[in-house]
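Numbering (our numbering), first residue to last: 121 to 248.
Glycine is no exception: its CB is placed at the ideal position from the N, C-alpha and C atoms.
Computed from a predicted model, the values in this text were never measured in an experiment.
Working notes for the structure below.
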């Protein structure tokens, strides 16, 4: 894929997440996906995301920065949300918080094969 094709593909993936279109997640995520170095597979990845939306009903992935260098994508995602209970071990309990995620992806055969994610937990802690 070219840089522009990869960027378009990634934006479509983020739209799939925001729509919670789990039936189409496999169109964007490889069956053997790895998350932070651990093999979780497509089913594990889907369960993780579904859990995120249960914990954060108003979850919305907002792309703030996107850099594509095939087969890699680097993205900074911004969140402005109200988790129901704990989030990353912090007692949020319905309070509104804002934080970012810096995430890197590697694509294989037009699908996300590896994800490396770092959440700005310190930004949440300062809001509590």
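Measure the alpha-carbon distance for residue 127 versus residue 226 and round it to whole angstroms.
-> Looking at the two C-alpha atoms, the distance is approximately 12 Å.
Would you check if the region 141–152 and the region 162–169 touch, i.e. whether three or more CB-CB distances between them fall below 8 Å?
-> Yes: at least three Cβ pairs fall under 8 Å.
State buried or exposed for residue 177, treating a residue as buried only when at least 16 other CB atoms are found within 10 Å of its CB.
-> Around the C-beta of residue 177, fewer than 16 other C-beta atoms lie within 10 Å, and the residue is accordingly described as exposed.
Using only alpha-carbon positions, find the residue among 185, 123, 139 that is nearest to residue 222.
-> Closest option to residue 222, Cα to Cα, is 185.
What residue does the beta strand (DSSP E) around residue 196 start on, and which one ends it?
-> Per DSSP, residue 196 is one residue of the beta strand (DSSP E) stretching across 192–201.
Spatially closest choice to residue 158 from 244, 243, 233, by CA coordinates | Taking only the C-alpha atoms, the option nearest residue 158 is 233.
Residue 215 at chain E interface by Cβ criterion, 9 Å | Absent here is chain E; the protein component of the structure consists of one chain.
Consult DSSP for residue 218 and reduce its assignment to one of helix, strand or coil.
-> The three-state reading of DSSP puts residue 218 in strand, counting E and B together.
Measuring CB to CB, does residue 203 end up less than 9 Å from residue 220?
-> Taking 9 Å as the Cβ cut-off, residue 203 and residue 220 do not qualify as a contacting pair.
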